[in-house]
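K.L.:
Here it is, the structure in full.
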Amino acid sequence: MPGYPPGMAISFPRRIVFAALLCLGVVPTAAAWSELGHRMVGELAQRHLDPKARAEVAMLLAGEADPTLGGVAYWADALRSEDPERYKLTSRWHYINAQGGGCSFEVERDCPDGDCVVVAIERQRAILADRSQPLEARRDALKFIAHFVGDAHQPMHAGSRPDSGGNRFQVSLRTPMQPEEYARKDYVDGVMGTNLHAVWDYYVLGSLGLDLQAYSDRLDRLPWPAYPAPSEYDVMPLAWSGESCRLIDARGIYPEQHAMDHAYLDAMRPLAEQRIRQAAWRLAQLVNQTLAN
140 MPGYPPGMAI SFPRRIVFAA LLCLGVVPTA AAWSELGHRM VGELAQRHLD PKARAEVAML
200 LAGEADPTLG GVAYWADALR SEDPERYKLT SRWHYINAQG GGCSFEVERD CPDGDCVVVA
260 IERQRAILAD RSQPLEARRD ALKFIAHFVG DAHQPMHAGS RPDSGGNRFQ VSLRTPMQPE
320 EYARKDYVDG VMGTNLHAVW DYYVLGSLGL DLQAYSDRLD RLPWPAYPAP SEYDVMPLAW
380 SGESCRLIDA RGIYPEQHAM DHAYLDAMRP LAEQRIRQAA WRLAQLVNQT LAN
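Residue numbering for the sequence shown is 140 to 432, as defined by my numbering.
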């Protein structure tokens, strides 16, 4: 069954040239949440780190242009242009496919050679926790974790449908929201020819028209913590991917028609925002627990 690593669809706001075909099949693929969504996950998580974890994050990310979880949360996708060889090696770490159908993921079956988001989070967490590791390795592990926790909460990155996570579910979206420059050839008379994964990647969140800080503030004003007190569940990426998968059918993410407009975006935005907040909360708990000692 084809997978759906995050190749290039439409990212916000960074301009990156469309990448080569990177998934198991030959279809173009889309990145989870876009830059806006990933940076919101990191930004919100950063705000809810405990003091010890916040200090350790600052130490690990010293020298980064923006030495915060939000500042590095998009890095794993940016590798496609900044370090293509490394991106090829890590491209399958962004998603998981249930090869047996449904949402019952099995690591041995669904993560060949450990190449899936579930194993990637656990593997990078072990590196982050190991203070005998070189600083550079721990820094990159933190940057991967900040990204992959967001990926695990994007419903289109955990499923079993044979359409590469919605990349082969073509849609026409009527929207006033301009695509990025490289995709404008597919935007005609206010209608964007795209796919369902790209709709979730870019349009569901981006169509609200808020920038990173304004959107993060909006979500952060909701009651925190929005979920139960930290528990083992908050650091269980296999459970998070199962949640994402079950939401696909439970919340009707696949539309009945391939033509859609902002009614679909408005209907799905609360769910996307919920997943952003869940990812942020769990990222904060994972980093707090990992760097506790």
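Quick reminder that beta carbons are idealized off the backbone N, C-alpha and C, glycines included. Bear in mind the structure is a predicted one, so any value in this text is a computation, not a measurement.
Sorted by chain position, which residues of the same chain lie with C-beta nearer than 7 Å to residue 165's C-beta, five sequence neighbours on each side aside?
P.N.:
Unreliable placement is indicated for residue 165, whose pLDDT of 30 sits below 50; no coordinate value is reported for it.
K.L.:
If you follow the alpha helix (DSSP H) that residue 438 is in, where does it begin and where does it stop?
P.N.:
As displayed, the chain neither begins before 140 nor continues past 432, which places residue 438 out of reach and without an answer.
K.L.:
Exposed or buried, residue 282, counting other C-beta atoms within 10 Å across all chains shown (16 or more means buried)?
P.N.:
buried
K.L.:
Would you report the Cα separation of residue 421 and residue 337, rounded to the nearest angstrom?
P.N.:
24 Å
K.L.:
Tell me the DSSP secondary structure of residue 306 in three-state form.
P.N.:
coil
K.L.:
Specify, as a first and last residue, the run of the alpha helix (DSSP H) that residue 275 falls within.
P.N.:
274-291
K.L.:
Taking C-beta to C-beta, are residue 423 and residue 344 nearer than 9 Å?
P.N.:
no
K.L.:
What whole-angstrom Cβ distance do residue 286 and residue 214 have, given they're in contact under 8 Å?
P.N.:
6 Å
K.L.:
When DSSP labels each residue in this structure, what does residue 383 get in the three-state scheme?
P.N.:
helix
K.L.:
For residue 228, which three-state DSSP category applies?
P.N.:
helix
K.L.:
By Cβ distance, which residues of its chain are closer than 6 Å to residue 271, with the 5 residues on each side in sequence left out?
P.N.:
none
K.L.:
Can you give the Cα-Cα distance for residue 313 and residue 251, rounded to whole angstroms?
P.N.:
39 Å
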